[in-house]
Amino acid sequence: MGKIANIFQRGGHSVTKYAEKPLLAILLRIVSEKNKSKCNSANGNKVLQGDLDHIKEWADKWKMEFNVDKCKMMHLGSSNPKSNYTMGGANLAITTEERDLGVLIDDKLEFDKHIRGIVNKANRMLGLIRIGFSCLDEEIFMNLYPVLVRPLLEYCVQVWSPYKQKYINLIEGVQRRAT
Numbered sequence: 007m008g009k010i011a012n013i014f015q016r017g018g019h020s021v022t023k024y025a026e027k028p029l030l031a032i033l034l035r036i037v038s039e040k041n042k043s044k045c046n047s048a049n050g051n052k053v054l055q056g057d058l059d060h061i062k063e064w065a066d067k068w069k070m071e072f073n074v075d076k077c078k079m080m081h082l083g084s085s086n087p088k089s090n091y092t093m094g095g096a097n098l099a100i101t102t103e104e105r106d107l108g109v110l111i112d113d114k115l116e117f118d119k120h121i122r123g124i125v126n127k128a129n130r131m132l133g134l135i136r137i138g139f140s141c142l143d144e145e146i147f148m149n150l151y152p153v154l155v156r157p158l159l160e161y162c163v164q165v166w167s168p169y170k171q172k173y174i175n176l177i178e179g180v181q182r183r184a185t
């Protein structure tokens, strides 16, 4: 992820914009300058709300608009106070799962739904290959599998890398069905 610029720094906290996301998708990074640790104090939610307000002011200054309906808040961690946040006077929606760059992640930082979804897509693609080719021999299949099925199983694997045996078994099940 290529850092474009610090949008602002205030009170030892910085908000940084990254290049891979659309213009208005801004990644918030709240870091204490004193000890470089995350802001976990009791006033952390006030600091985050202040930063959201400051981002809104910055966007208004540069004649940009946030679509608040598309802005969401995901609470992570069991000790999270689950505060409500606003932007421009409108409450941010709270979500328990979000898809970003094609990868589905939930508030427990698990990829169960994502892995099950890609396994289903890969199995459907295998079925389409078998139905669509009446004279499917090994040579044709060896050309189709790496082009149509493997990319479904390997897309962004660095992010959601299966580490639980049940996920590994699901993915290997697709490969077993293919042979």
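Numbering (the working numbering), first residue to last: 7 to 185.
Ideal Cβ placement from N, Cα and C applies to all residues, glycine included.
The model shown is predicted, which means the values in this text are computed figures rather than measured ones.
Quiz item: Considering D118, what are the terminal residues of the alpha helix (DSSP H) in which it resides?
Solution: That run of the alpha helix (DSSP H) goes D118 to G138.
Quiz item: Going along the chain, which residues of its own chain have a beta-carbon closer than 6 angstroms to the beta-carbon of G179, five neighbours each way excluded?
Solution: Its chain contains no residue whose beta carbon lies nearer than 6 angstroms to that of G179 once the 5 sequence neighbours on both sides are disregarded.
Quiz item: Quick one: Cα of V153 to Cα of E116, how far?
Solution: Rounded to the nearest angstrom, the gap between the Cα atoms of V153 and E116 is 28 angstroms.
Quiz prompt | Extent of the continuous beta strand (DSSP E) to which V74 belongs | solution = Premise fails: V74 is in no beta strand (DSSP E) and is neither H nor E.
Exercise. Kindly list the residues whose CB is nearer than 7 angstroms to the CB of A31, restricted to its own chain and excluding five residues on each side of it in sequence; keep chain order.
Key: Per-residue confidence for A31 stands at a pLDDT of 37, beneath the threshold of 50, marking its modelled position as unreliable; no derived number is given.
Exercise. My understanding is that L186 touches M79, with C-beta atoms under 8 angstroms, so please give their C-beta distance in whole angstroms.
Key: Outside the modelled stretch of the chain, which goes from 7 to 185, sits residue 186, for which no answer is possible.
Quiz item: Would Y169 be called buried (16 or more neighbouring beta carbons within 10 Å of its own) or exposed?
Solution: With fewer than 16 Cβ atoms within 10 Å of its Cβ, Y169 is classed as exposed.
Practice problem: For the beta strand (DSSP E) holding V109, just list the boundary residues, first then last. | Solution: For V109, the uninterrupted beta strand (DSSP E) run begins and ends at V109 to D112, by DSSP.
Quiz item: Alpha carbon to alpha carbon, how far is R183 from S167?
Solution: So the alpha carbons of these two residues sit roughly 21 angstroms apart.
Quiz item: Should the stretch 126 to 142 be called in touch with the stretch 78 to 93, which here means at least 3 C-beta pairs below 8 angstroms?
Solution: Between the stretch 126 to 142 and the stretch 78 to 93, the count of Cβ pairs shorter than 8 angstroms is below three; the stretches do not touch.
Practice problem: Taking the CB atoms as reference points, tell me whether G94 and K62 lie closer together than 8 angstroms. | Solution: With respect to K62, G94 sits close: the two C-beta atoms are nearer than 8 angstroms.
Exercise. Taking D59 as part of the alpha helix (DSSP H), name the residues at either end of that continuous run.
Key: Unbroken alpha helix (DSSP H) run through D59: G50 to K67.
Quiz item: Can the beta-carbon of M131 be found less than 8 angstroms from the beta-carbon of V163?
Solution: Contact: no.
Self-check item: Alpha carbon of V53 to alpha carbon of C77, nearest angstrom
Solution: V53 and C77 have their C-alpha atoms some 18 angstroms from each other.
Exercise. Pull up the DSSP beta-bridge partners for N175, would you.
Key: Answer is none; N175 lacks a bridge partner.
Quiz item: So what does DSSP say about M80, is it helix, strand or coil?
Solution: Three-state result, M80: coil.
Quiz item: When the Cα atoms are used, what is the spatial distance from A96 to Y173?
Solution: Going from the Cα of A96 to the Cα of Y173 covers about 39 angstroms.
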